[in-house]
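**Student:** Have a look at the structure that comes next, please.
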Amino acid sequence: MFSVLFLLMAAIERGDPMVIDKLMSALIISIAVSLVVSFIFMGEYSLFIIIFIYASPVIFISGLILSRLIEGIVKKLDLNSKKLRYLTSFTLFAMGGLLTNVFLYLDVLNNGLHGESFVLVAFGIIVSLAFYHTTLAINRLLNTFA
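Written out as structure tokens, the structure is:
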């Protein structure tokens, strides 16, 4: 967690909005996912820290790498329409949420493909799309107040 704060502070010092929005998104989504999983699926907030410790590295690493990769792909495609850029990014983030879902792979390796695996598929896609939309919202806020 301290390393994330260190990276965020370094990005703020450099004034790099490309990193700031993603780090802030990763932190917000890590907290949100940990709260949702600890309360809805486990029924207790006391598991928040444990879930946060396991989920946040996956969200930070895959979220930062995936978002930079998707930004590069969308820039190379040179799409003229905002709607087309949004739909392309949306689709790529949904696919990325499936591809970077470490917890799904661990579950399938340990238990095989079963009914709850599809919950993890949906959860990975939802978290990835939440990361994308949080990044869009933070970008808008940063541009508004900059």
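Heads up: the sequence shown is residues 93 to 238, going by our numbering. By construction, the Cβ of each residue, glycine as well, lies at the ideal position given by its N, Cα and C atoms. These figures come from a predicted structure and were not determined experimentally.
Could you have a look at S209 and say whether DSSP puts it in helix, strand or coil?
**Tutor:** Of the three classes helix, strand and coil, the one that applies to S209 here is helix, per DSSP.
**Student:** Does DSSP classify N193 as helix, strand or coil?
**Tutor:** Residue state, collapsed to three classes: coil.
**Student:** Using CA atoms only, rank isn't needed, just tell me which of V129, L221, S122 and I145 is closest to Y178.
**Tutor:** Of the listed residues, the one whose Cα sits closest to Y178 is L221.
**Student:** Given a cut-off of 8 Å, decide if L171 and T180 are closer than it, judged by their beta-carbon atoms.
**Tutor:** In contact: T180 and L171 (Cβ atoms closer than 8 Å).
**Student:** So does the stretch 226-237 actually touch the stretch 195-212, counting three or more Cβ pairs closer than 8 Å?
**Tutor:** With a cut-off of 8 Å, the stretch 195-212 and the stretch 226-237 do not count as touching, because too few Cβ pairs lie within range.
**Student:** Can you grab the Cα-Cα spacing for the pair F133 / F237, in whole Å?
**Tutor:** So the alpha carbons of these two residues sit roughly 37 Å apart.
**Student:** For L176, count neighbouring Cβ atoms within 10 angstroms of its own Cβ and tell me buried if that reaches 16, exposed if not.
**Tutor:** By the 10 Å Cβ count, L176 comes out exposed.
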